[in-house]
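Beneath this line is the structure, given in structure tokens, with notes to follow.
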DNA sequence: TATTGTTATACTCTATAACTATA
DNA sequence: TATAGTTATAGAGTATAACAATA
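Protein chains in written order, with our numbering: chain A, 2 to 173; chain B, 2 to 173.
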């Protein structure tokens with residue numbers, strides 16, 4: 002196994018074995034802080050994820066959206082209900098195939114989506130306060146390369162289920 | 002996406018507004034991959050977090066452990082039960098105050114903890130495959146500074162609850 | 001018959017509050 | 001009375017499967 006047969010000599014820089022852990026730690030920390038800020042807009046992260054995708058791909062069906070978020074169509078219903086109740090998006094039956102709901106942001110939805118963008122920037126500003134603008138770009142560059150290599154879809158990430166156990170039966 | 006009303010001038014490096022998002026995305030991705038690897042040791046992330054802390058601070062009480070993990074003492078019980086059933090740790094009543102359980106890794110627990118370390122290294126290796134060793138250190142350095150500034154405790158992170166809503170009543 | 005969205009159900013996870021044993 | 005650990009219970013969150021409408 003890829004145990005570290007690394008020398009671990011006295012000369013070795015300290016430990017760099019922590020980058021993965023720091024990533025998880027900061028990801029969790031940042032996600033929580035972001036959620037707190039979002040609450041100011043009366044939204045949860047799932048709402049923001051939906052708005053983000055719909056802003057980029059208007060007219061998407063709920064099934065397509067669910068697949069993009071790696072979630073179940075049934076889980077989306079409540080979130081979309083809430084967003085529709087707030088008049089941030091609308092479901093309109095697709096004209097070609099009326100089984101599909103074409104999802105589209107309303108004008109108000111676009112406004113709120115921009116507000117979410119503002120929240121995201123403020124969040125990032127606060128989160129990365131320790132770094133200069135140049136260093137932030139440097140960080141973004143490194144992370145982008147990792148994300149690309151890992152095959153992550155730009156601008157999309159599914160929710161986590163960090164704490165729980167990995168679904169007893171998915172142990173396959 | 003990432004509309005950003007930022008200047009977006011030709012000179013600007015691309016977009017650096019993504020670092021925060023990338024952090025969350027990669028944190029979630031990495032956490033899931035790590036959980037999958039851990040399943041090979043028949044552990045969940047919560048187990049690994051407990052082993053990690055106990056390895057560093059033997060004799061800790063359950064309450065102190067709960068506080069360190071920012072979780073509730075009652076939540077710990079099942080996890081500690083499981084670890085004890087596997088003979089990875091033991092609860093021993095504190096001699097000075099027998100209400101306290103002094104938690105300590107067994108020898109087997111130490112072995113498994115080391116195995117978790119190996120899994121973590123393999124995980125990190127795979128996760129950061131896009132970066133050279135130098136770049137990985139560079140990344141770790143940047144992340145460490147961010148973590149310090151944010152007041153995160155080295156070597157500890159609580160679980161997330163990424164997807165859910167932030168406790169209906171906290172909406173006040 | 002197959003598919004989209006929805007609802008119903010069961011199941012898990014989490015939080016709150018009793019309970020016990022020590023102090 | 002107060003505290004550590006545990007258990008019980010109720011509440012959210014999640015997954016699976018049944019359902020109605022459309023194709």
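Glycine is no exception: its CB is placed at the ideal position from the N, C-alpha and C atoms.
Quiz item: Do you know how far the Cα of residue 30 (chain B) is from the Cα of residue 114 (chain A)?
Solution: Between the alpha carbons of residue 114 (chain A) and residue 30 (chain B) lies a gap of roughly 24 Å.
Practice problem: Look up residue 92 (chain B) in the DSSP assignment and say whether it is helix, strand or coil. | Solution: Strand at residue 92 (chain B).
Quiz item: Are the C-beta of residue 5 (chain B) and some C-beta of chain A separated by less than 9 Å?
Solution: Residue confidence for residue 5 (chain B) is low, a pLDDT of 31 falling below 50, so the modelled location carries little weight; the figure read from the coordinates is stated next. Yes, its Cβ sits closer than 9 Å to a Cβ of chain A.
Exercise. Let me know the secondary structure DSSP gives residue 24 (chain A) once reduced to three states.
Key: In the structure shown, residue 24 (chain A) falls within a helical segment according to DSSP collapsed to helix, strand and coil.
Self-check item: Close beta carbons around residue 41 (chain B), own chain, < 8 Å, minus the five adjacent residues each side
Solution: So the qualifying residues of the chain are 120.
Exercise. Taking 9 Å as the cut-off, decide whether the C-beta atoms of residue 125 (chain A) and residue 35 (chain B) are in contact.
Key: For residue 125 (chain A) and residue 35 (chain B), no; Cβs fall outside 9 Å.
Practice problem: Taking only the alpha-carbon atoms, compute the straight-line gap between residue 47 (chain B) and residue 43 (chain A) and give it to the nearest angstrom. | Solution: A straight-line Cα-Cα distance of about 30 Å links residue 47 (chain B) and residue 43 (chain A).
Quiz item: I think residue 77 (chain A) touches residue 84 (chain A), with their Cβ atoms under 8 Å apart; what is that distance to the nearest whole Å?
Solution: By a beta-carbon distance limit of 8 Å, residue 77 (chain A) does not contact residue 84 (chain A). Their separation comes to about 10 Å.
Quiz item: In angstroms, rounded to a whole number, what distance separates the CA positions of residue 68 (chain B) and residue 144 (chain B)?
Solution: Cα to Cα, the separation comes out at about 24 Å.
Practice problem: Measure the alpha-carbon distance for residue 141 (chain A) versus residue 138 (chain B) and round it to whole angstroms. | Solution: Distance between the alpha carbons of residue 141 (chain A) and residue 138 (chain B): 15 Å.
Quiz item: Are any of the Cβ atoms in chain B nearer than 9 Å to that of residue 148 (chain A)?
Solution: For residue 148 (chain A), the nearest CB of chain B lies under 9 Å from its own CB, placing it at the interface with that chain.
Quiz prompt | Environment of residue 73 (chain B) [buried if 16+ CB atoms lie within 10 Å] | solution = Its Cβ having fewer than 16 others within 10 Å, residue 73 (chain B) is exposed.
Self-check item: Host alpha helix (DSSP H) of residue 128 (chain B) (start-end)
Solution: Unbroken alpha helix (DSSP H) run through residue 128 (chain B): 108-128.
Exercise. Give the residues from the stretch 78-90 of chain B that approach chain A closer than 9 Å (Cβ to any Cβ), ordered along the chain.
Key: Cβ contacts with chain A come from no residue of the stretch 78-90 of chain B.
Quiz item: Does the beta-carbon distance from residue 28 (chain A) to residue 127 (chain B) come in below 9 Å?
Solution: Remark: C-beta atoms of residue 28 (chain A) and residue 127 (chain B) do not approach each other more closely than 9 Å.
Quiz prompt | Expected contact under 8 Å - CB spacing of residue 63 (chain B) and residue 97 (chain B) to nearest Å | solution = Not a contact, Cβ separation roughly 16 Å.
Quiz item: So is residue 37 (chain B) buried or exposed if we call it buried at 16+ other beta carbons inside 10 Å?
Solution: Exposed: under 16 other Cβ atoms inside 10 Å.
Practice problem: Could you check if residue 50 (chain B) is buried or exposed, using at least 16 other CB atoms within 10 Å of its CB as the buried criterion? | Solution: Classification for residue 50 (chain B): buried.
Exercise. Helix, strand or coil for residue 104 (chain B), going by three-state DSSP, please let me know.
Key: In this structure, DSSP gives residue 104 (chain B) an extended state, which the three-state scheme calls strand.
Quiz item: Taking only beta-carbon atoms, is residue 157 (chain A) less than 9 Å away from chain B?
Solution: Closer than 9 Å to some Cβ of chain B, the Cβ of residue 157 (chain A) qualifies, so yes.
Quiz item: Name the chain B residues whose beta carbon is nearer than 8 Å to that of residue 31 (chain A)?
Solution: Simply 21, 24, 25 and 28.
Exercise. Measure the CB-CB distance between residue 25 (chain A) and residue 158 (chain B) and report whether it falls below 9 Å.
Key: Going by C-beta atoms, residue 25 (chain A) is nearer than 9 Å to residue 158 (chain B).
Quiz prompt | Integer Cβ distance of residue 131 (chain B) from residue 149 (chain A), believed to fall under 8 Å | solution = Distance from residue 131 (chain B) to residue 149 (chain A) at the Cβ level is roughly 7 Å; contact confirmed, criterion being Cβ atoms closer than 8 Å.
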